[in-house]
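To start, the structure under review is shown below, and the notes come after it.
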Amino acid sequence: MSNDTEQATVFVVDDDEAMRDSLCLLLESVNLNARVFSCAQSFLGAFERHQSGCLLLDVRMPDMSGMTLLDALRSGGIVLPVIMITGHGDVPMAVRAMKQGAFDFIQKPFNARELLDRVHAALEQDRKNRLQRNKTEQCRALFMTLTDREMEVVDLVVAGNPSKIIARTLGISPKTVDIHRANIMRKLDVRTVAEMVQLRLSLRDA
Amino acid sequence: MNVFAPAARKNLVPYLPLLVYGLFACLIAVAGYQVFHKIENLIEVEKLHDLGAIADVKVGQVVSWQNGHKRRVSAFSTSSALVAEFNRWLNSGATSDELEERILRMLAGLQLSHGYVQASLLDREGMVRITTGTDEKPDATEEKLVVEAMNSRRPVFADLHRSSHENRAIILSMASPLIDADNGNGRVVGAVLLQIDPYDYFYPLVQLWPRDSPSAETLLIRKEGDEVVFLNELRHQKGTALSLRIPVSNSDLPAAMATRGEVNTMNGVDYRGVPVVAAMREVPGTSWHMVAKVDKDELFASIFQIKWWAAGLGLGLAILGGAFFFVWLQGFYARQRQLRAERDAAQQREMRVRYFEYLTRYANDMIIVFNEDGRIVEANEKAQQALGYSREELLQINIVALHDPHESQAVADKLGMLKMEGECRMEGRFQRKDGSIFPVEVSARVIEVQGVRFMQSIIRDFTEHKQLEEMRAKIEHAGRLNIAGEMASGMAHELSQPLTACNNYLDVCLRRMDEEAWGQEKLRSTLKLAAAQAERAGNIVSHLREMVRQNGHERALTDVKQLIRDVMSLLESELKRSGITVHMTLSPTPPMMICRVEIEQVLFNLCRNAIEAMHSWPQRDLRISSRLNESGDVLISVSDSGKGVMAAERVNLFNPFHSTKKDGLGLGLVICRSIVESHGGRIWVDEDREFGAEFCFTLPLGADHE
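Residue numbers (the numbering used here), protein chains in the order written: chain A, -9 to 196; chain B, 11 to 716.
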């Protein structure tokens, strides 16, 4: 897990060279990996979906604006936290960005300290996201070991049915249902039904 | 469809009576024609009857004439004396001259007494033995005739024919046998041959018409092969006897009809091609036909005149009747039109009266009519409503009393002007019954009703209008603020970029310096980057200023006096509204090379400031002057009678973002100074004034700045 943080990269997309350069220096001065891009397209070309870190994105850019890039990331299922850099009077746009899933926004001209705080917060968020995602992956793998019939039983249990009803619904004897349940508990490595339900629901939410 | 129907009927109406009239005329004409036709027919029948009778008479006459001759000749030829003498003479071998002489004398007596052309005695062989004429030998017709007479033992007529003599005269020959009654049991001993000249008696007998008639005639014809031969001389054509021949196939010819056995015709066409009515009869004992005919023209001559008279009269009456009818119709339509026009006019009058009534009664403006003394004589509902008086009360009031008492002098002046010029407009204030004052716009006019002069004024309540104007001014101001705000926003955005970058660089440097991680060189290069960004920000600002200042305004030779007047006319309504009196003192100045729009902006700003400064001040005078000052520059000053400029305010007067106004941006005078200075002039506020403020600026003549 600590591995992730060390590999985390702060991506910067800004059309202004001085901004890119100064941000890069600033980020490196606090021991953060920084990669800068002059436009949205080159970022999309270079970025791999499982890379951890965060994105500093200028709202106003020629060609593809920050908002469009944000849309593209979100519709591509990329959960990388995004900090929007907005100009004066761009507050409504910032609000829109937040609604579309940006992690935070910061208004130019900004203080270096302020920016770094937000970058750290974003990286923390990303780390949490990744943890969560890993858990979900493991959970999914556990459920993959269940047979189709066992999966049916799990869903009926989650729906709150007692064994008798489950047996009648599936057309099998209550005894068989109990055997299924025991197998499921063993495979999922849970001790109580409540744990099983929780596990199933967490997978469903993801 | 419905729209067009009445119009179509309208167009048809004048033709309808015409049609009816024409129909009647035709009817009468046809009836008249029928009556005449009937009359003609009757006349024809009547005439035909007459003609038949005449033809019959003529036939009778011809027959009796023939019979008379036959009888006489018969008597002569059977007289025993002659027969005996002739017989004796023949038997004697025709030697006795004495006897021959006696016989010849008897023959001559016969010829003379009956008018024969020639009388001859022939023997049984048909040889002429004794004759009164020169013809020794009878022609072929006569030979046949003689044989027939001797065989039939009675007198016989030959047909009319031309003699074989050189003269080829037409003759009618008759032969009678000589019968010796005394000896030999009535033996035929010879024959007497007589030649009759038809012109002598026969033709006149045939032709003679019993009555006086210009065209009627009787004629004899006979058929020869396919032709009809006319036997006598005709009335209307000479030399026709035995010469005129017309084919039988000519079916309308009455003569041809006669040969076909017809006795009457109403539609004959005679040898001349003239329509006739004719009666035809056979002449018994001959191959002849008698034709009695008369021209139709003659027949109808009597009624022909009447016919034309009647037709003429009818036509005349028809035209006269038509004319009368037309005139009457015109009159009728004219009356109708007049009636309609009168009705419409009355309706329109009524409508107009009602319109005017509505117009005045429910008008949105007050309408007040007063006489020359100012006494109100009429006021509409709006006036009563707006002023709070009843109509009766208003009629007791003088117009001056309705105005704001403070204005009474101005009102009196205006009334005088109204009476002089006939109309006037003014803005003023009215006082309601409850004493409240409201702004109005008055448009008054002198009207004359039956020689008496009245003043009619239309008064508009200006309260709402004023409020609207104020609101508009507010909106305008808000717009101006907004534009400034947007400019600021744009500027801020432009500047934020380099400033942020600069900030970042500097932060990095500070950090590295704290950590002592970077060498001098690395720090210096980073600081240089920071400095470059700071410079970039500076450039943006100066570029912006450049942009604001230039803005594409070009300079041209301009008359300052005119420029000032134009600006004042732009501000006129605002000045009027604020009740500000303008005093302009404009000395002539030479044309100047300036940017008109910019200088206008300066004047505009200064005047607006002055107007606003006097807003809550009782004294409202705006003075504008322009003249050449001692150093040869044009000096323009704008002064007001407002609250003036406080000493403390003077310091920041021309600095940006300082405003004494509630929602001012503090840019107006800044812009003014920038413009004036760009023209090489100077702007200042006059400090030595007791009250009000005076702003002055100079524009150097002919100087070419920036």
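Even glycine gets a Cβ: it sits at the ideal position worked out from N, Cα and C.
All values reported here derive from a predicted model rather than from experimental measurement.
Selection B:695, B:691, B:609 evaluated against residue 649 of chain B yields B:695 as nearest (Cα-Cα).
Burial check for residue 165 of chain B: the Cβ neighbour count within 10 Å reaches 16 or more, so the residue is buried.
Straight across, the Cα-Cα distance linking residue 401 of chain B with residue 391 of chain B is about 8 Å.
The residue from B:598, B:588, B:623 with its alpha-carbon nearest to that of residue 573 of chain B is B:598. If only complete runs of 3 or more residues are kept, the segment 85 to 162 of chain B shows the beta strand (DSSP E) at 126 to 133, 138 to 141, in order along the chain. A check of alpha carbon separations from residue 212 of chain B across B:149, B:198, B:229 identifies B:229 as the nearest. Going by C-alpha positions, residue 348 of chain B is about 14 Å away from residue 339 of chain B. Listed along the chain, the chain A residues whose CB falls inside 9 Å of the CB of residue 518 of chain B are 12, 15, 16, 18, 19, 102. Residue 613 of chain B and residue 501 of chain B have their C-alpha atoms roughly 28 Å apart. Along the segment 47 to 76 of chain A, there is no position whose C-beta sits under 7 Å from a C-beta of chain B. Counting of Cβ neighbours within 10 angstroms places residue 206 of chain B among the buried residues, the total reaching 16 or more. Note on geometry: alpha-carbon atoms of residue 18 of chain A and residue 505 of chain B lie some 25 Å from one another.
Listed by position along chain A, the residues whose Cβ is nearer than 7 Å to that of residue 583 of chain B form an empty set, because the closest Cβ is around 36 Å away. One alpha carbon belongs to residue 312 of chain B, the other to residue 79 of chain B, and they sit about 42 Å apart. Under the criterion of beta carbons closer than 8 Å, residue 28 of chain A and residue 10 of chain A qualify as touching, at roughly 7 Å. For residue 303 of chain B, the pairing in a beta bridge is given by DSSP as B:227, B:288.
Taken through DSSP and simplified to helix, strand or coil, residue 23 of chain A comes out as strand. Around residue 6 of chain A, the beta-carbon contacts reaching into chain B at under 8 Å are 507, 511.
Just so you know, the alpha carbons of residue 144 of chain B and residue 231 of chain B end up roughly 30 Å apart.
When the beta-carbon positions are compared, residue 130 of chain A and residue 63 of chain A stay at least 8 Å from each other. Proximity to residue 550 of chain B across B:578, B:535, B:509 peaks at B:509, based on C-alpha coordinates. Neighbours of residue 515 of chain B in chain A, taken as residues at a C-beta separation under 9 Å, are given in chain order as 8, 11, 12, 15, 16. Each residue's CA atom was taken as its position, placing residue 125 of chain A and residue 110 of chain A some 23 Å apart. When only Cα atoms are considered, residue 625 of chain B and residue 618 of chain B end up about 11 Å apart. In the DSSP assignment, residue 632 of chain B falls within the unbroken beta strand (DSSP E) covering 631 to 638. Against chain B, the beta carbon of residue 99 of chain A has neighbours under 7 Å at 506, 509, 510, 513, listed in chain order.
Spatial neighbours of residue 169 of chain B in its own chain (CB-CB distance under 6 Å, excluding positions within 5 residues in sequence) are not present. Around the CB of residue 513 of chain B, 16 or more other CB atoms lie within 10 Å, so the residue is classed as buried. Residue 303 of chain B is positioned such that its CB atom lies closer than 8 Å to that of residue 280 of chain B. Bounds of the beta strand (DSSP E) holding residue 171 of chain B are 166 to 172.
DSSP places residue 519 of chain B within a helical segment (H, G or I) once states are collapsed to three. Put simply, the segment 160 to 180 of chain A does not touch the segment 31 to 40 of chain B. Fewer than three CB pairs are less than 8 Å apart. The continuous beta strand (DSSP E) containing residue 257 of chain B extends over residues 255 to 257.
With a minimum length of 4 residues, the unbroken runs of alpha helix (DSSP H) contained wholly in the segment 16 to 78 of chain A fall at 30 to 36, 56 to 65. Spanning the alpha carbons of residue 290 of chain B and residue 233 of chain B requires a straight line of approximately 14 Å. Looking from the CA of residue 445 of chain B, the closest CA among B:520, B:399, B:670 belongs to B:399.
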